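Residue numbers (our numbering): -11 to 932.
Encoded as structure tokens, the structure appears first; notes follow it.
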């Protein structure tokens, strides 16, 4: 093809980009294997697009002979758009003279998974894969895994976790097997041999004794994984893990496929290469590197940064980037060339000085990584502000005040982000910003799950699906709808224990017996279930009355809740969205969010709508998606708060609140990082160990085993050494996450921590990251706004001391909001009474028409009754189909503490019947009062 570019300066002029010398070297390198170690903000996407323009413009390759691969559809779209515009800007492609009948070729840019899918579509028959095979989406994966578990014959005595958790564990083990190209027989053989070794070892502590239990559980989980894989094969289905694994098998065993692809794509660009898995590396190297046919010397350019390799938890292997020169050598066998990009054009020099200090240990671990440099003239730009507050609440207030001040002084909310290590503080941060009238958006499913309106909905669903979901049921019982007091809640737990142990009320105080039960394994049939105890208020199930002194109000509410849950469980087989909407309707949560001014200000209806959109997307790909499969999906999202979903911040002008993992590749003017306290960020929690988690593949079988710790001996010393190495490995991953986090801001970084957490008895104090910020500011590169002194050795957490004070539980309702609701209620009921008193033309016409021809009953089989048991007359508005809920909201009494003074108590007796046509209260709890969490500030819930 003709050459239009001859000089790098010409490229700079045509694209209007002042490339640095190191960028120019990467762009104009000859078409041969090379890896570019691109630091944060160094313009890697710009370099990749310009390299395509250079190779095409100089006549070395045609546009359609370029293949580009990245991880997300969004990234693929952005790269394709950059390349397209760059080709036009350089004059290589002229949009004004394109012949629609013979358009010029374009580079092929897609995700790694899409490329693997295309490979199987075109060449799958070579390994016996039928072309009718379909790709499973997440919804169908969880649905199919749940179906396999439900139909499995068992027994599985070692699998004692809840059903939704087992769904997630099954999929996790299946994915790890696929990512490392390990066949089930290999894992079974490894675990069988390990059990033999452990049988002759002295297991002297609890951690050692847990290892054979974990191995047995993994063997049983592997059996379920085989059943799951057979279910996929029988239905001609593949998931993403299968797609990559089969593509790698195709590339490794059919060298002719690599020959065809190398002829088709003379240049290959691999983006974010540090995040590829072992299977993806084997696939790509077999096609374009040191494949089965020998070293190809193909023109492959991989771009990545080992300091930003933060996805090891989902199978990524940073060793792929380090070892690229060996995996993709030149044709003569020499390693591929390594380049570096280190000039950061995003952040000011003072911010980069901080990031470089944190990354010092990482640069020592990886070849080719250089310290970041600011752009010329930006050496003194960028500011850091740090604070160490006395309590967690004071830290949140400091954060809220700081961001509110920035917004008031001209910073657009959309240019501010709050990055957290986990999503646990999202509700408090959102509430603090809402209280200060700062628009805020929580990004990602894992964040939504922590917000109260979503957590309430999920809690009901958990209780419906799993009778052992005690934590979720306690959330409902102690919440604003049912308002169960502490004494009645403790009595319910006592009854639940009695149902399991079939003992007298005094038998469970024997400490020796309880200790023996704690160390013996747990029979799933013997798990204490508060839901079972709740059902005894409707049906004793043949058990004798335990004579526990429940209050009359609690008995009524327990019976009502049990009735409600029993009715909802009848719909569990319905489509997912029907179940969720039925729960919202029955609990009144949607009405609460619509009626509460505070909830409207916090955009809680929009939050709930976003969650329902996630559920709808889950259900859309499989019309039979069930609640069980969805809960398994949510459990995985909550467990991996780094972001199971691919949600990205929206375009609204709002402060974005998201996890640090989800911030990769994004940037803002201002970034706030709260929670920089000991044990939280950097986290001291070790990575899930294969010795304690059945869903984790043993390190010896992984493709990156050489980079991971392993157990040298099966004794206390060997296992401790393994755990210490795992902790060190996790610390390295936390350093990478910190580096990513602190390189997101363009001009201002806010970092904060606290001494006293919301529930800790011991002080936390600043983490190593916050100490680094303090030292950075003390050296003159930022501001230390406040730095609280360390608490004394005898000092107690003031938050816990406040909670020890006498406070009402359940929490009192907001009087102002309650008065407004009651006034609105009276207005609505007066209007309905007026409608009922007015003549009804339809009723008169029906009366004149006479009785129905087919003898339908004129009335329901049972006449509707009001809350006091007296018959009520149907209102014409109801008969005409208007959605009316009748009831007199009143403040609920507090079981176990005595009733509130206002409003009569519910009539003692049995649970309310579900008579056809009965009109029910629209209140959020038996008395109809509002949800105090949605009505503004209120006293703290006591800790006891």
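All C-beta atoms in this analysis are idealised placements derived from N, C-alpha and C, irrespective of residue type, glycine included.
This one's a predicted model, so the numbers in the text were calculated from it and none came from an experiment.
Proximity to residue i [Cα-Cα], best of the options
{"i": "residue 55", "options": "251, 28 and 684", "result": "251"}
{"i": "residue 426", "options": "340, 68, 701 and 640", "result": "640"}
{"i": "residue 806", "options": "4, 621, 113 and 580", "result": "580"}
{"i": "residue 345", "options": "95, 759, 188 and 393", "result": "759"}
{"i": "residue 254", "options": "767, 298 and 18", "result": "18"}
{"i": "residue 444", "options": "595, 325 and 327", "result": "595"}
{"i": "residue 178", "options": "210, 696 and 649", "result": "210"}
{"i": "residue 2", "options": "78, 361 and 566", "result": "78"}
{"i": "residue 608", "options": "593, 563, 569 and 573", "result": "563"}
{"i": "residue 369", "options": "333, 392 and -3", "result": "333"}
{"i": "residue 61", "options": "100, 43, 71 and 27", "result": "100"}
{"i": "residue 42", "options": "30, 24, 76 and 59", "result": "76"}
{"i": "residue 119", "options": "-8, 107 and 700", "result": "107"}
{"i": "residue 339", "options": "768, 809 and 132", "result": "768"}
{"i": "residue 237", "options": "115, 743 and 409", "result": "115"}
{"i": "residue 734", "options": "125, 12, 519 and 343", "result": "343"}
Beta-carbon gap between residue i and residue j smaller than 7 Å
{"i": "residue 728", "j": "residue 379", "result": "no"}
{"i": "residue 411", "j": "residue 435", "result": "yes"}
{"i": "residue 317", "j": "residue 278", "result": "yes"}
{"i": "residue 52", "j": "residue 112", "result": "no"}
{"i": "residue 428", "j": "residue 643", "result": "yes"}
{"i": "residue 542", "j": "residue 476", "result": "yes"}
{"i": "residue 816", "j": "residue 739", "result": "no"}
{"i": "residue 457", "j": "residue 448", "result": "no"}
{"i": "residue 394", "j": "residue 386", "result": "no"}
{"i": "residue 26", "j": "residue 293", "result": "yes"}
{"i": "residue 663", "j": "residue 373", "result": "no"}
Simplified DSSP state of residue i, which is helix, strand or coil
{"i": "residue 301", "result": "helix"}
{"i": "residue 180", "result": "helix"}
{"i": "residue -1", "result": "helix"}
{"i": "residue 9", "result": "helix"}
{"i": "residue 495", "result": "Caution is warranted here: a pLDDT of 47 is assigned to residue 495, below 50, making its placement in the model unreliable, and the coordinate value is therefore given only provisionally. Note: residue 495 maps to helix in three-state DSSP."}
{"i": "residue -6", "result": "coil"}
{"i": "residue 771", "result": "strand"}
{"i": "residue 890", "result": "The pLDDT assigned to residue 890 is 35, lower than 50, so where the model puts this residue is not dependable; a value taken from the coordinates is nonetheless given after this. Correct three-state label for residue 890: coil."}
{"i": "residue 551", "result": "helix"}
{"i": "residue 738", "result": "strand"}
{"i": "residue 260", "result": "coil"}
{"i": "residue 220", "result": "helix"}
{"i": "residue 647", "result": "strand"}
{"i": "residue 373", "result": "strand"}
{"i": "residue 130", "result": "helix"}
{"i": "residue 242", "result": "coil"}
{"i": "residue 61", "result": "helix"}
{"i": "residue 46", "result": "coil"}
{"i": "residue 4", "result": "coil"}
{"i": "residue 441", "result": "helix"}
{"i": "residue 866", "result": "Because the pLDDT at residue 866 is just 34, under 50, the model does not fix this residue reliably, and the value given afterwards should be weighed accordingly. Of the three classes helix, strand and coil, the one that applies to residue 866 here is helix, per DSSP."}
Endpoints, alpha helix (DSSP H) assigned at residue i
{"i": "residue 729", "result": "704 to 730"}
{"i": "residue 384", "result": "380 to 396"}
{"i": "residue 109", "result": "100 to 111"}
Extent of the continuous beta strand (DSSP E) to which residue i belongs
{"i": "residue 22", "result": "22 to 26"}
{"i": "residue 656", "result": "656 to 661"}
{"i": "residue 404", "result": "404 to 408"}
Contact between the region 751 to 759 and the region 650 to 660 (3+ Cβ pairs under 8 Å): Taking 8 Å as the limit for Cβ pairs, the verdict is that the region 650 to 660 does not touch the region 751 to 759.
Contact the region 399 to 408 vs the region 682 to 689: 3+ CB pairs below 8 Å: Counting C-beta pairs with one atom in each stretch, the region 399 to 408 and the region 682 to 689 have fewer than three that are closer than 8 Å, which means they do not touch.
The region 535 to 548 in contact with the region 472 to 486 per 3-pair CB rule at 8 Å: Yes, the region 535 to 548 touches the region 472 to 486.
Cβ pair count under 8 Å reaching 3, the region 253 to 269 against the region 303 to 313: These segments touch.
Segment contact flag, the region 596 to 606 with the region 143 to 154, C-beta cutoff 8 Å, min 3 pairs: These segments do not touch.
Three or more C-beta pairs below 8 Å linking the region 200 to 214 and the region 711 to 721: Touching, no.
Contact between the region 197 to 205 and the region 670 to 680 (3+ Cβ pairs under 8 Å): Taking 8 Å as the limit for Cβ pairs, the verdict is that the region 670 to 680 does touch the region 197 to 205.
Touching by the beta-carbon criterion (3+ pairs, under 8 Å), the region 614 to 625 and the region 687 to 701: As far as the Cβ criterion goes, the region 614 to 625 does not touch the region 687 to 701, which means the pair count is below three.
The region 297 to 305 in contact with the region 322 to 342 per 3-pair CB rule at 8 Å: As far as the Cβ criterion goes, the region 297 to 305 does not touch the region 322 to 342, which means the pair count is below three.
Inter-stretch contact at 8 Å, needing at least 3 Cβ pairs: the region 19 to 29 / the region 222 to 232: The way I'd put it, the region 19 to 29 doesn't touch the region 222 to 232; fewer than three beta-carbon pairs between them come closer than 8 Å.
Segment contact, 8 Å Cβ cut-off, at least three pairs: the region 263 to 275 with the region 164 to 176: Because the criterion of three Cβ pairs below 8 Å is met, the region 263 to 275 and the region 164 to 176 touch.
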